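Note sheet for the following structure.
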Amino acid sequence: MNVTDAMLARKSIRNFLDTPVANELIQELLSKAARAASGGNLQPWRVYIINGDVRSRFVALIEARTDSEPPDYAVYPPKLKEPYRSSRYKLAEDMYALLGIPREDKPARLKHLARNFRFFDAPAAFFCFVDKIMGPPQWSDLGMFLQSFMLLAQEAGLDTCAQEAWANWPQTVAEFVGAPEELMLFCGMAIGRANPDAPVNALVSEREPFEHRATFVI
Ligand SMILES: Cc1cc2nc3c(=O)[nH]c(=O)nc-3n(C[C@H](O)[C@H](O)[C@H](O)COP(=O)(O)O)c2cc1C
Numbered sequence: 241m242n243v244t245d246a247m248l249a250r251k252s253i254r255n256f257l258d259t260p261v262a263n264e265l266i267q268e269l270l271s272k273a274a275r276a277a278s279g280g281n282l283q284p285w286r287v288y289i290i291n292g293d294v295r296s297r298f299v300a301l302i303e304a305r306t307d308s309e310p311p312d313y314a315v316y317p318p319k320l321k322e323p324y325r326s327s328r329y330k331l332a333e334d335m336y337a338l339l340g341i342p343r344e345d346k347p348a349r350l351k352h353l354a355r356n357f358r359f360f361d362a363p364a365a366f367f368c369f370v371d372k373i374m375g376p377p378q379w380s381d382l383g384m385f386l387q388s389f390m391l392l393a394q395e396a397g398l399d400t401c402a403q404e405a406w407a408n409w410p411q412t413v414a415e416f417v418g419a420p421e422e423l424m425l426f427c428g429m430a431i432g433r434a435n436p437d438a439p440v441n442a443l444v445s446e447r448e449p450f451e452h453r454a455t456f457v458i
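Okay, so the sequence shown: first residue is 241 according to this note's numbering, each after it adds one.
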């Protein structure tokens, strides 16, 4: 698989088979992803992997929780303006259409959202942290690392879903994985193999045309 194939094939998977993923493979992919560029070569990503039984223990812990935690950062700006608002809305509508959940059925929508906190049943996952002293440039480095990982996973026959939803459980995640105080949770990453029979996995999210996001200056 070349880079173009991996770019075109990768998409977020929201229903996984329980087929195990070997720690050795995750280690290999993370080691290769660490070749991602980062400003000043700071390599600001810090990753904690939970796989198999450890992941199940963590999910059980989360599912037993009835309280909530304040996020360490705002996943979206408070008033998302256009065209971003419409993009987000369209993604949700397309996803719930595939799931057969109408807009009025709030409980069913919330139930699907809650599947984030089971990693959509993926058997393996990691959490990506960053040092609290880091700023926007280093957060962008995390993105490069995460995308590199997702492309490499694609090449290795694995599927993924990056998950900012975990920003809702920063303390619990940090405590469970043993992350030191100076780190802050950015996101999770569900890792496994897509369930080919799950309608939600048919979702191919749209992209804006090239000229809406890029301009050749003349
Ligand atoms: C950093 C990051 C966090 C994300 N968080 C979530 C999440 O919590 N839950 C989810 O279902 N999708 C999440 N996504 C997936 C995005 O919704 C998805 O990437 C976007 O809609 C484009 O679709 P695609 O990945 O299928 O190409 C996240 C993606 C990124 C890059």
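For every residue, glycine included, the Cβ atom is placed at its ideal position computed from N, Cα and C. Remember, it's a predicted structure, so these values are computed and weren't measured experimentally.
- In the three-state reduction of the DSSP assignment, residue 286 falls in the strand class, which pools E and B.
- Here residue 335 is near residue 443, since their CB atoms are less than 9 Å apart.
- In this structure, residue 363 keeps its C-beta atom at 9 Å or more from the C-beta atom of residue 449.
- For the pair of segments examined, the stretch 427-443 was found not to touch the stretch 278-285: the number of CB pairs separated by less than 8 Å stays below three.
- Remark: the C-beta of residue 378 is outside contact range of ligand 1, defined as less than 8 Å to any heavy atom.
- Counting only residues of its own chain and dropping the five nearest sequence neighbours on each side, residue 417 has a CB closer than 8 Å to the CB of 288, 290 and 367.
- Residue 272 and residue 344 have their alpha carbons spaced roughly 44 Å apart.
- Residue 292 is positioned such that its CB atom lies no closer than 9 Å to that of residue 439.
- Those residues having their beta-carbon less than 6 Å away from any non-hydrogen atom of ligand 1 are, in chain order, 251, 252, 254, 331, 356, 401, 402, 403, 404, 405, 427 and 445.
- For residue 377, same chain residues with a beta-carbon under 8 Å away, outside a window of 5 residues either side, are 279 in chain order.
- Counting along the chain, the unbroken alpha helix (DSSP H) around residue 266 starts and ends at 263-273.
- The DSSP-derived three-state label of residue 279 is helix.
- Where residue 426 is concerned, the enclosing beta strand (DSSP E) starts and stops at 423-432.
- The continuous stretches of beta strand (DSSP E) do not include residue 244, which lies in the alpha helix (DSSP H) extending over residues 243-249.
- Here residue 386 is buried. Its C-beta has 16 or more other C-beta atoms within 10 Å.
- Fewer than three beta-carbon pairs drawn from the stretch 293-301 and the stretch 396-410 are found closer than 8 Å, and the two stretches are therefore not classed as touching.
- For secondary structure counted as the beta strand (DSSP E) over 3 or more consecutive residues, the stretch 281-331 holds these complete runs in sequence order: 286-291.
- Residue 245 counts as exposed, since fewer than 16 other beta carbons sit within 10 angstroms of its beta carbon.
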